[in-house]
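Novice: One point on numbering: in the UniProt record's numbering, the residue at position 72 of the sequence shown is 72, and numbering is uninterrupted. The C-beta atom is built at its ideal place from N, Cα and C for all residues, glycine as well. Computed from a predicted model, the values in this text were never measured in an experiment.
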Amino acid sequence: SDGGKGTHIWMIDSGFDQQHSGEFALKPIIEIEYQPNAGRYDTQSGHGTQVASCVSSWKYGVAKAAQLHVVAIGAKGPLRKAVQFVIDRVKKMESARPSGGKRQIRHVLQMSVTFLEPGALDEEMRAADEAGIVVVNAAGNGADNACHYSPASFTRKTRNILTVGSIGNKDQISKFSARGSCVNIFAPGEQVSVLKANGAVKKSFGTSFSSP
């Protein structure tokens, strides 16, 4: 595997604690902060730092050679606005390519969020799909049908939106994991080693850590 070389992963989450930057082969880029200091310290929840370590940290990441872009929305930031920001940035990057040149850059939008009503993010997901962005989203931890939530409800409309559920170390679906026809794939989501915002390491569980 190339470790995600040449891939840009856009993570919309609480933020990223930059004291962990040395744990990444490519230093994560803080693109925008919708809440002050969310992209520098991630003090509100630490969730984004944990997910980021699963994405591309040299020790715990699955795509160690990918470039991580952090869109820090804090605990309750403007998700729709953040998705549109990513779409606009990707379009700008792609427009800078020579006319007629073969597309080399791969873009992945990683999200660990759900809306309570299906279809709530359909417009944004359709726009991301049209922009050539692959969206990877956590299924949720409610042990229910992922189709009841957004953006999981959009996965049946395109191949470029993937919803990920959690399995344990015996490959069984985790008790907490959402499931159903809107879940495309399951990945380990129990006792996952992650970096904490305060500099330590911990074991976490949840579909947030399956989706990277």
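#1: Below 8 Å between beta carbons: does that hold for residue 67 and residue 20?
#2: Applying the 10 Å Cβ sphere with the 16-neighbour rule, what's the burial state of residue 11?
#3: Is it the case that the stretch 112 to 120 contacts the stretch 81 to 89, given that we only count it when at least three CB pairs across the two stretches are under 8 Å?
#4: Inspect the CB distances between the stretch 197 to 204 and the stretch 168 to 183 and report whether three or more fall short of 8 Å.
#5: Going by CA-CA distance only, name the one from 145, 84 and 135 that's closest to residue 31.
#6: Could you check which residue in 125, 145, 144 and 26 has the C-alpha nearest to that of residue 136?
#7: Would residue 110 and residue 14 qualify as a contact pair, given that the criterion is a beta-carbon distance under 8 Å?
#8: Which of the three DSSP states, helix, strand or coil, is assigned to residue 159?
#9: Taking the alpha carbon of residue 94 as the point to measure from, which residue in 131, 58 and 63 has its own alpha carbon closest?
#10: With distances taken from CA atoms, which of 186, 162 and 27 is nearest residue 65?
#11: Look at the alpha carbon of residue 161 and the alpha carbon of residue 152, and state the distance between them as a whole number of angstroms.
#12: Helix, strand or coil for residue 106? Go by DSSP, reduced to three states.
Specialist: Reading off the structure:
#1: Residue numbering aside, residue 67 sits at position 67 when the sequence shown is read from its first letter. Residue numbering aside, residue 20 sits at position 20 when the sequence shown is read from its first letter. Contact: no.
#2: Here residue 11 is taken as the residue at index 11 of the sequence shown, counted from 1. Buried, because 16 or more other Cβ atoms sit within 10 Å of the Cβ of residue 11.
#3: Flag = no, the stretch 81 to 89 and the stretch 112 to 120 do not touch.
#4: They do not touch, by the three-pair rule.
#5: The residue given as residue 31 occupies position 31 in the sequence shown. Per the Cα distances, 84.
#6: Within the sequence shown, numbered from 1, the residue matching residue 136 stands at position 136. Shortest Cα-Cα distance from residue 136 to any of 125, 145, 144 and 26 involves 125.
#7: Against the sequence shown, residue 110 aligns to sequence position 110. Against the sequence shown, residue 14 aligns to sequence position 14. Their beta carbons are not under 8 Å apart, which means residue 110 does not touch residue 14 by this criterion.
#8: Here residue 159 corresponds to residue number 159 of the sequence shown, with the count starting at 1. In the three-state reduction of the DSSP assignment, residue 159 falls in the coil class, being assigned neither a helical nor a strand state.
#9: Locating residue 94 in the sequence shown gives position 94, where the first residue counts as 1. If we check each option's Cα against that of residue 94, 131 comes out closest.
#10: Here residue 65 is taken as the residue at index 65 of the sequence shown, counted from 1. Among 186, 162 and 27, the Cα nearest to that of residue 65 belongs to 27.
#11: For the purposes of this step, residue 161 is taken as the residue at position 161 of the sequence shown. For the purposes of this step, residue 152 is taken as the residue at position 152 of the sequence shown. Spanning the two alpha carbons is a distance of roughly 8 Å.
#12: Here the question's residue 106 lines up with position 106 in the sequence shown. It is a strand residue.
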